[in-house]
Amino acid sequence: MENRNFDKMLNKEREAYFNQQKQIDHSHLITQLWMTLGTVAVVAAGFTLRPGGSFDASLVLILIYSAFHLAGFGKRFLAFLELLGRLDVSLRKIGYGDPPRIRPVQVVSLPDPVIIAVEDVSFSYKEGEPVLQQVFFDIRQREKLLIVGKNGSGKSTLVKLIAGLLNPDQGRVLYNRKYLHGAADIGYYSQHMELFDRSIYENMIYPRESCDIGAIWRLVDLLKLNTLIEDEEDLFHKRPGDFGARFSGGEKQKLLIARSLMNKKPVMIYDEVNSALDREAVEIFANLIENELQSSTVILVSHRIEGICGFERVVEISDGRLSLVS
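Per UniProt numbering, residue 1 is the first one in the sequence shown, and the count goes up by one each step.
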């Protein structure tokens with residue numbers, strides 16, 4: 001879906017590859033010139049160093065042999081230059097050393113209670129086909145915001161821009177430095193996120209290495225995962241694939257919700273993580289947001305609103321623009 005970003009990434013990879021190849025080619029060329037000039041110099045020395053300019057083949061061979069062995073130093077020196085070239089390409093690729101520029105996501109001072117401000121943001125995956133057009137809106141500290149709209153309306157694109165996963169073509173996203181230090185303070189969970197081929201426990205707590213086991217069992221009960229995870233064998237030793245047909249898309253989304261609640265952030269974004277849940281599970285999810293994330297700002301993206309309650313604002317995206325529903 002994010003073809004434009006992938007194209008940019010591939011172009012950078014291609015540029016890095018060609019720059020590295022240029023460095024290698026230059027090194028080989030310099031090595032050849034080194035050997036040629038060294039050989040010529042040694043032969044010339046063979047004629048001039050002997051009294052009367054007489055030719056001594058043995059001396060010339062010794063000097064040529066020495067020149068070839070000295071070339072080892074030249075190769076090591078050139079290898080060092082090549083390494084510097086590779087480092088330069090890599091550092092330029094990640095933007096290190098580039099002149100300062102305005103970043104699309106900035107941490108600034110904003111008036112309370114605004115935690116995130118979206119200013120004049122436009123975005124398109126294909127030129128001439130805008131997904132979002134001049135979007136302006138503020139998100140308040142601890143607000144529970146529901147974003148709705150038809151499939152393909154730009155809901156997921158908007159929250160990816162807010163999370164710093166995409167860069168806008170126009171405009172910017174501002175974080176209030178009083179509450180956020182950067183995108184690391186935003187938790188983003190999508191229906192497209194994959195589980196790891198690891199134990200259920202490791203999937204639930206990722207990226208943490210350990211946590212309170214009591215908190216895990218509490219979430220298992222709250223999310224009604226106890227029909228799947230019945231004992232410690234299921235939790236610590238079984239992987240998602242071990243459950244076969246019992247492990248549905250809804251069970252996967254419940255695990256992602258559990259993971260998010262084990263890794264709370266000041267801002268939590270849920271991008272269609274309720275798409276495969278039944279009505280009862282959606283209501284449980286809404287209650288968890290209300291009770292477990294009271295101190296967090298929560299943004300939920302959904303194409304349906306049945307069973308979802310407790311959100312202070314509902315906004316709709318249509319034709320690339322945002323409008324207030326309630």
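Each residue gets a CB set at the ideal place from its N, CA and C atoms; glycine is no exception.
Cα-Cα, which of the options is closest to residue i?
i	options	result
ILE308	SER318, SER323 and GLU272	GLU272
MET193	ASP212, GLY249 and ASP242	GLY249
ARG142	VAL267, GLU306 and LEU277	VAL267
TYR175	HIS237, LEU235 and VAL118	VAL118
SER302	LYS178, VAL315, GLU290 and GLY164	VAL315
ILE289	SER260, ARG279, LEU277 and GLU306	SER260
VAL282	LEU300, LEU228 and GLY164	LEU300
TYR188	LEU166, GLN170, LYS178 and TYR179	LEU166
residue 370	GLN170, TYR125 and LYS150	This structure does not reach residue 370, given that the chain is present from 1 up to 326, and the question cannot be answered.
residue 328	ARG321, ARG279, ASN274 and PHE247	Since the first residue shown for the chain is 1 and the last is 326, residue 328 is missing from the structure and cannot be characterised.
PRO168	THR297, GLN133, LYS238 and GLY149	GLN133
ARG321	LYS150, ILE30 and ALA41	LYS150
Taking its Cβ as the centre, do 16 or more other Cβ atoms sit within 10 Å of residue i, making it buried, or is it exposed?
i	result
THR157	buried
SER210	exposed
ASN226	exposed
SER323	exposed
LEU37	exposed
GLY128	exposed
Within its chain, find whatever has a CB closer than 7 Å to the CB of residue i; leave out the 5 residues flanking it on each side and keep chain order.
i	result
LEU223	LYS254, ILE257, ALA258 and ILE284
PRO113	ARG140 and GLN141
ILE229	ILE200, VAL220 and LEU235
LEU277	GLY250, GLN253 and PHE285
SER124	PRO130, VAL131 and ASP169
For residue i, I'd like the list of residues in its chain whose CB is within less than 8 Å of its CB, leaving aside the five on either flank, ordered along the chain.
i	result
PRO207	ASN263
VAL173	PRO104, VAL105, GLN106, ILE116, ALA117, VAL118, GLU119, VAL121, LEU161, ILE162 and GLY164
How close, in whole Å, do the beta carbons of residue i and residue j come, if the pair is a contact with beta carbons under 8 Å?
i	j	result
ASN203	PRO240	7 Å
PRO130	SER122	6 Å
GLY152	ALA183	In fact, because the Cβ distance is near 25 Å, the residues do not count as touching under 8 Å.
GLY310	LYS144	6 Å
ILE147	ILE317	7 Å
ARG218	SER109	Incorrect: roughly 38 Å between the Cβ atoms, too far for contact.
ILE186	LYS252	Incorrect: roughly 22 Å between the Cβ atoms, too far for contact.
According to DSSP, which residues form a beta bridge with residue i?
i	result
LYS265	Beta-bridge pairing links LYS265 to no other residue.
GLU129	LYS126
Apart from the five residues just before and just after residue i, which ones in its own chain have a Cβ nearer than 6 Å to its Cβ?
i	result
SER326	VAL314
GLU312	GLU143 and LYS144
GLU233	none
PHE247	PRO240
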